[in-house]
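Following: one structure in structure tokens, then a few remarks.
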Amino acid sequence: MKNQLILPQLRCSFEKELPDSEVLLVAGGRQPASKWLAQAATQFPVWCIDSGVDICRMNNIIPERLIGDGDSATSQGWSWGKELGIPVEVYPPEKNLTDLQLALQTVGSLHGEAIVVVTGVWGGRFDHAFSNIYSLKGCEAFGIRGCCADEKEVLILLKGKDSVVIDTATCPKVVSLLPLSSECSGVCIDGVHWPLVDVQLHDTLPYAVSNRPSQLGTSITVTIEAGWLGIYLCWDEKGLNTK
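So the sequence shown is residues 3 to 245, counted in my numbering.
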């Protein structure tokens, strides 16, 4: 049974089984560090979303697919992507769905079920981040299990009933639990300075933020009985505004 998601800086071991297929979506937000992206690209097939093609081009990473309307990519990057001979899905700028939503739907239609890691998702406008996170949550309806990640920040989505053990190479500075549904019940977290046992979290009062790992190790365990939880980890709070 496959139950592990491995990123350059951490390993997540879930109680529930994970899909076999995996995809790394490179979007056009804050660029991940070249070293982080290169390592992640050895673990996952890479797809580019719009200006994510510029990030891949700069890092000499050849994607397997390019999706978007091309409105935020450079002309050089977009042309490079189209010349690779990979599948290219071009959409008009005036459309209902975002490029990320279209990419997630394509993952679902091609793979049925898959693990999706989205990078280049942080930074920029809040409405973009909000849409991206809730779109990743929503695509669980057609078999996608996902997270948002780069070397500075990771957001792991956990739907009850489930649990995850997160082992990190270096301790994050911040660990927060974000209720992404109106109520999250049976929430527990261990391996942190302020553990929680069988609590309810509500999206109207998201207080379980700004926790930190305990001094006993680099393993954090989170459990949820019902609801949707975002497990947020941050390694470089001072560098979050770096584009």
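Backbone N, C-alpha and C fix where the C-beta goes; we use that ideal spot for every residue, glycine too.
DSSP beta-bridge partners for residue i?
{"i": "S178", "result": "Y234"}
{"i": "F16", "result": "V166"}
{"i": "A228", "result": "S187"}
{"i": "V156", "result": "A151, L235"}
{"i": "K161", "result": "W230"}
{"i": "D22", "result": "Looking at the DSSP assignment, D22 forms no beta bridge with any residue, so it has no partner."}
{"i": "N213", "result": "V177"}
Taking only the alpha-carbon atoms, compute the straight-line gap between residue i and residue j and give it to the nearest angstrom.
{"i": "Q126", "j": "G110", "result": "For the record, residue 126 in the displayed sequence is Gly; it is not Gln. So the alpha carbons of these two residues sit roughly 27 Å apart."}
{"i": "V176", "j": "S15", "result": "20 Å"}
{"i": "G232", "j": "T76", "result": "33 Å"}
{"i": "T108", "j": "P34", "result": "23 Å"}
{"i": "E17", "j": "V118", "result": "18 Å"}
{"i": "V199", "j": "D192", "result": "8 Å"}
{"i": "P215", "j": "C141", "result": "30 Å"}
{"i": "A42", "j": "C186", "result": "31 Å"}
{"i": "L106", "j": "Q202", "result": "30 Å"}
{"i": "E227", "j": "G188", "result": "5 Å"}
{"i": "S36", "j": "I64", "result": "14 Å"}
Compare the Cα-Cα distances from residue i to each of the options and report the closest residue.
{"i": "R32", "options": "G188, H130, V224", "result": "H130"}
{"i": "L12", "options": "T121, S165, S184, C173", "result": "C173"}
{"i": "K161", "options": "V48, D192, G229", "result": "G229"}
{"i": "L180", "options": "K163, H204, D164", "result": "H204"}
{"i": "D71", "options": "I88, N61, Y93", "result": "Y93"}
{"i": "Q6", "options": "E185, H195, S165, M60", "result": "S165"}
{"i": "G114", "options": "V25, W237, V224", "result": "V25"}
{"i": "M60", "options": "I69, A40, P197", "result": "A40"}
{"i": "S23", "options": "L9, F46, I8, W38", "result": "F46"}
Validate contact between the region 202–217 and the region 149–164 using beta carbons, cut 8 Å, 3 pairs: no
The region 99–106 in contact with the region 49–57 per 3-pair CB rule at 8 Å: Verdict: yes, contact present.
Entirely within the region 81–127 and at least 4 residues each: give me those alpha helix (DSSP H) ranges in chain order. 101–113
For the 8 Å Cβ check, are there 3 or more pairs between the region 137–154 and the region 79–89? no
For the pair the region 214–225 and the region 166–174, tell me if three or more CB-CB distances fall below 8 Å. Cβ pair count under 8 Å is three or more, so yes.
Kindly confirm or deny that the region 17–34 and the region 114–123 touch, where touching means at least three C-beta pairs closer than 8 Å. yes
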